[in-house]
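A.B. asks:
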Amino acid sequence: MSERVRVLVYGGVGSEACDFYRRALYVSRLADLGVDLVSWTPPLVHPPAYAGRWFDAIRDGVAQLDLSEVAQAQVVLFSRWSNTHAACTVCGAACASPDGLADHARSTGHDTLRMDPLLRLLLPSLLSDPKRRCALMYDLDDDLFHQPEWVGHGAGLAREMDLVELVVRAADLVTVSTPVLHKVLQPFTPRTHVIRNAVESSWYSVAADGAHPAGEPRILFYGADVRQRDYALCKDAVDDTVRAHPAARRLWLGSDSPAVRGLVDQAHPSVAAGPAFAAALSNLHPHIGLAPLQPSEFASAKSELHWLEYSLVGAVTVASRFATGGPYDLIQDGQDGLLAMGADEWQRALARLAASPALRTDIAGRARERILAGYQAAARAVEWAAAYRWAAAHPAIGPRL
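One point on numbering: in our numbering, the residue at position 348 of the sequence shown is 360, and numbering is uninterrupted.
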């Protein structure tokens with residue numbers, strides 16, 4: 013094996029869903045391939061007079077970052093976006109410090125992103141260093157350039173887009189999760205590579221044959237509370253299906269808020285990404301998995317992850333079809349999933365599946381075979397290792413400050 017590649021992952025490898033499927037899922041496999049992902053936050057250095065007042069040192073311009081560990085790495089990796097302001101990413105309220113932001117979150121209940129006070133020091137330091145010998149990578153799995161307000165952190169993201177664009181333009185390699193995102197970033201950089209999401213199939217299980225009566229389809233949607241706007245696309249079709257099949261059940265995984273409980277028969281709270289989520293999804297034994305998305309530039313750049321996970325637990329995916337292309341275009345309609353656009357198509361798709369256990373079995377089986385053949389984490393780890401090694405071999409080819 014060639015020389016090991018050490019990758020410093022700014023802010024940590026992460027356990028949030030996006031970080032998990034883009035990084036944490038591959039840590040051990042990449043180590044076997046000679047690539048080490050290391051969680052990294054550079055230490056802050058400031059004058060003794062600022063002891064205990066590190067944020068004041070940053071504000072007064074007397075703080076510096078200890079970047080000595082960068083010299084031992086071949087790649088520094090950034091991802092998505094950070095809140096670098098002492099301000100609420102939900103309502104935009106300005107606070108005096110990170111502690112003030114935390115107090116604001118507690119008093120209002122706002123699910124604000126915490127403040128990252130280091131990134132605006134770190135990026136310019138790395139990008140302007142003429143002696144830098146490591147590569148900079150950036151990974152993105154959402155279209156931040158077209159993120160709508162309803163996602164919930166629009167006030168914060170708008171303040172950070174200068175940094176997002178800076179790192180996209182300056183990175184030696186940008187990795188993205190879909191071809192649509194690749195196209196979105198083309199005006200900013202030619203150094204973009206698509207690495208699709210993958211799954212660890214051993215974490216998921218399919219219900220034994222006969223675990224649910226033939227006339228009792230379990231119809232599942234998973235997502236956060238905010239995704240009610242997407243569920244609205246198929247709600248009437250789901251409700252009509254349950255009226256036609258009174259023993260059918262509507263399930264939601266990812267929120268048990270009062271609003272969600274009013275939409276379905278069973279609502280289950282969110283579960284951390286990884287084996288725990290795979291087990292929770294498997295234990296619900298769905299026959300039909302819903303993947304509706306309100307059409308938008310933002311939604312079209314989403315990944316096919318719902319299809320992957322539904323298929324591994326034996327459910328048939330019914331997903332949104334976009335007129336201009338979207339995340340589920342790779343589904344072969346009627347073969348390994350069903351696509352729907354508009355109320356009539358959602359009605360027909362769910363009615364067909366609810367009425368025919370045999371059709372559900374056939375479509376789910378073909379989808380599972382395809383995913384086991386092409387979306388395994390082991391194979392995708394090889395792609396990631398190649399990307400990290402390519403970046404390590406092409407350091408500082410992006411523009412400098």
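Ideal Cβ placement from N, Cα and C applies to all residues, glycine included.
Given the structure is predicted, the values throughout are model-derived calculations rather than measurements.
Taking Tyr2 as the reference, give the member of Glu212, Gly23, Ala99 and Tyr22 with the closest Cα.
C.D. replies: Residue 2 cannot be examined here, being either before or after the span of the chain that is shown, 13 to 413.
A.B. asks: Do Met149 and Asp174 have their CB atoms nearer than 9 Å?
C.D. replies: For the purposes of this step, residue 149 is identified with residue 137 of the sequence shown, where counting begins at 1. For the purposes of this step, residue 174 is identified with residue 162 of the sequence shown, where counting begins at 1. Result no, Cβ atoms of Met149 and Asp174 do not sit closer than 9 Å.
A.B. asks: Go through its chain and collect everything with a Cβ distance to Trp215's Cβ below 6 Å, but skip five positions before and after it.
C.D. replies: Here residue 215 refers to the residue found at position 203 when the sequence shown is read from its first residue. Taken in chain order, the residues that qualify are Pro287 and Ala290.
A.B. asks: Check Asp11 in the structure and name its three-state DSSP category.
C.D. replies: It is not possible to answer for residue 11, since the shown part of the chain is limited to 13 through 413.
A.B. asks: Taking Cβ to Cβ, would you say Leu79 is nearer than 9 Å to Leu138?
C.D. replies: Here residue 79 refers to the residue found at position 67 of the sequence shown. Here residue 138 refers to the residue found at position 126 of the sequence shown. Yes.
A.B. asks: Alpha carbons only, please: which of Val19, Ala385 and Pro304 is nearest the one belonging to Val50?
C.D. replies: In the sequence shown, residue 50 corresponds to position 38, counting from 1. Per the Cα distances, Val19.
A.B. asks: Does the Cβ of Lys314 have 16 or more other Cβ atoms within 10 Å, making it buried, or fewer, making it exposed?
C.D. replies: On the sequence shown, position 302 is the one that residue 314 refers to. So Lys314 counts as buried.
A.B. asks: May I ask you to list the residues that DSSP assigns as paired with Ala279?
C.D. replies: In the sequence shown, counting from the first residue as 1, residue 279 sits at position 267. Partner(s): Trp264.
A.B. asks: Rounding to the nearest angstrom, what Cα-Cα distance links Val21 and Thr53 in this structure?
C.D. replies: Start at 1 with the first residue of the sequence shown, and residue 21 comes out as number 9. Start at 1 with the first residue of the sequence shown, and residue 53 comes out as number 41. So the alpha carbons of these two residues sit roughly 8 Å apart.
A.B. asks: Does DSSP classify Ile375 as helix, strand or coil?
C.D. replies: Within the sequence shown, numbered from 1, the residue matching residue 375 stands at position 363. Note: Ile375 maps to helix in three-state DSSP.
A.B. asks: Would you list the residues sitting across from Ala352 in a DSSP beta bridge?
C.D. replies: The residue given as residue 352 occupies position 340 in the sequence shown. Answer is Ser332.
A.B. asks: State yes or no: is the beta carbon of Ser269 nearer than 9 Å to at least one beta carbon in chain C?
C.D. replies: Given the protein chain composition of this structure (a single chain), no chain C is represented.
A.B. asks: Assign Arg92 to buried or exposed, taking buried as 16 or more other Cβ atoms, counted over all protein chains shown, within 10 Å of its Cβ.
C.D. replies: Sequence index remark: in the sequence shown, residue 92 carries index 80 (1-based). Residue burial is scored here from C-beta neighbours: Arg92 has at least 16 other C-beta atoms within 10 angstroms and is therefore classed as buried.
A.B. asks: By the 10 Å Cβ neighbour count, where 16 or more other Cβ atoms means buried, how is Ala404 classified, buried or exposed?
C.D. replies: Within the sequence shown, the letter at position 392 stands for residue 404. Result: buried.
A.B. asks: Sort Ser189, Phe32 and Arg401 by Cα distance to Ala285 and report the nearest one.
C.D. replies: Walking along the sequence shown from the start, residue 285 turns up at place 273. Selected option, being the one with the closest Cα: Phe32.
A.B. asks: In terms of alpha-carbon separation, which member of Gln84, Ala85, Ser94 and Leu125 lies closest to Cys100?
C.D. replies: Numbered from 1 along the sequence shown, position 88 holds the residue referred to as residue 100. Ranking the options by Cα distance to Cys100, first place goes to Leu125.
A.B. asks: Any chance the region 108-118 sits against the region 145-164, with 3 or more Cβ pairs inside 8 Å?
C.D. replies: no
A.B. asks: Return the chain-ordered list of same chain residues with a C-beta closer than 6 Å to the C-beta of Asp242, the five sequence neighbours on each side being excluded.
C.D. replies: The residue you call residue 242 lines up with position 230 of the sequence shown. The answer, listed in chain order, is Pro304, Leu305 and Gln306.
A.B. asks: Give me the Cβ distance between Ser294 and Ser282, rounded to the nearest whole Å; I'm assuming they're in contact under 8 Å.
C.D. replies: Here the question's residue 294 lines up with position 282 in the sequence shown. Here the question's residue 282 lines up with position 270 in the sequence shown. Incorrect: roughly 16 Å between the Cβ atoms, too far for contact.
A.B. asks: When burial is assigned at 16 or more other CB atoms within 10 Å of the CB, is Arg414 buried or exposed?
C.D. replies: Residue 414 lies beyond the residue range present for the chain, which begins at 13 and ends at 413; the question has no answer from this structure.
A.B. asks: When we look at the beta-carbon of Leu89 and count the other beta-carbons within 10 Å, is it buried (16 or more) or exposed?
C.D. replies: Your numbering for residue 89 matches position 77 in the sequence shown. Leu89 should be labelled buried.
A.B. asks: Any contact of the region 254-266 with the region 371-384, i.e. 3+ C-beta pairs under 8 Å?
C.D. replies: no
A.B. asks: Alpha carbon to alpha carbon, how far is Arg392 from Gly386?
C.D. replies: Counted from its first residue, the sequence shown places residue 392 at position 380. Counted from its first residue, the sequence shown places residue 386 at position 374. The alpha-carbon atoms of Arg392 and Gly386 are separated by roughly 9 Å.
A.B. asks: From Asp48 to Arg16, what does the alpha carbon distance come to, in whole angstroms?
C.D. replies: As a first step, residue 48 must be located in the sequence shown, where it is residue number 36. As a first step, residue 16 must be located in the sequence shown, where it is residue number 4. Cα to Cα, the separation comes out at about 7 Å.
A.B. asks: Using DSSP with H/G/I as helix, E/B as strand and the rest coil, what is Arg239?
C.D. replies: Position 227 of the sequence shown holds residue 239. Reduced to three states, the DSSP call for Arg239 is helix.
A.B. asks: Please name the residue, chosen from Ala367, Val250, Pro407 and Pro339, that lies closest to Ala355 on a Cα-to-Cα basis.
C.D. replies: Residue numbering aside, residue 355 sits at position 343 when the sequence shown is read from its first letter. It is Val250.
A.B. asks: Nearest by alpha-carbon distance to Leu320: which of Gln86, Gly377, Met353 and Ser269 is it?
C.D. replies: Here residue 320 refers to the residue found at position 308 when the sequence shown is read from its first residue. Of Gln86, Gly377, Met353 and Ser269, the residue nearest in Cα terms is Gly377.
A.B. asks: Which value, in whole angstroms, describes the spacing of the CA atoms of Gly222 and Gln347?
C.D. replies: Taking the first residue of the sequence shown as position 1, residue 222 is located at position 210. Taking the first residue of the sequence shown as position 1, residue 347 is located at position 335. Its pLDDT being 49, under 50, Gly222 is placed unreliably by the model, and the measurement read from it follows with that caveat. Answer to the nearest angstrom: the Cα atoms are 22 Å apart.
A.B. asks: Kindly indicate which three-state DSSP category Leu245 falls into: helix, strand or coil?
C.D. replies: Start at 1 with the first residue of the sequence shown, and residue 245 comes out as number 233. Judged by DSSP in its simplified three-state form, Leu245 adopts coil rather than helix or strand.
A.B. asks: In three-state DSSP terms, what is Val57?
C.D. replies: Counting from 1 along the sequence shown, the entry for residue 57 is found at position 45. Strand.
A.B. asks: Over what stretch of residues does the alpha helix (DSSP H) that includes Leu134 continue unbroken?
C.D. replies: As a working note, residue 134 is residue 122 in the sequence shown. If you look at Leu134, you'll find it in the alpha helix (DSSP H) that goes Leu131 to Ser140.
A.B. asks: According to DSSP, is Thr187 part of a helix, a strand, or is it coil?
C.D. replies: Residue numbering aside, residue 187 sits at position 175 when the sequence shown is read from its first letter. Residue state, collapsed to three classes: strand.
A.B. asks: Assuming Ala61 and Gly104 are in contact, meaning their beta carbons sit under 8 Å apart, how far apart are those beta carbons, in whole angstroms?
C.D. replies: The residue you call residue 61 lines up with position 49 of the sequence shown. The residue you call residue 104 lines up with position 92 of the sequence shown. Between Gly104 and Ala61 the Cβ distance is about 33 Å, and since that is not below 8 Å, they are no contact.
A.B. asks: With distances taken from CA atoms, which of Ser140, Val74, Leu45 and Gly46 is nearest Pro59?
C.D. replies: Working through the sequence shown from its first residue, we reach residue 59 at position 47. Measuring from the Cα of Pro59, the nearest candidate turns out to be Val74.
A.B. asks: With DSSP as the reference, please indicate the residues paired to Asn295 in a beta bridge.
C.D. replies: In the sequence shown, residue 295 corresponds to position 283, counting from 1. As DSSP reads the structure, Asn295 sits in no beta bridge.
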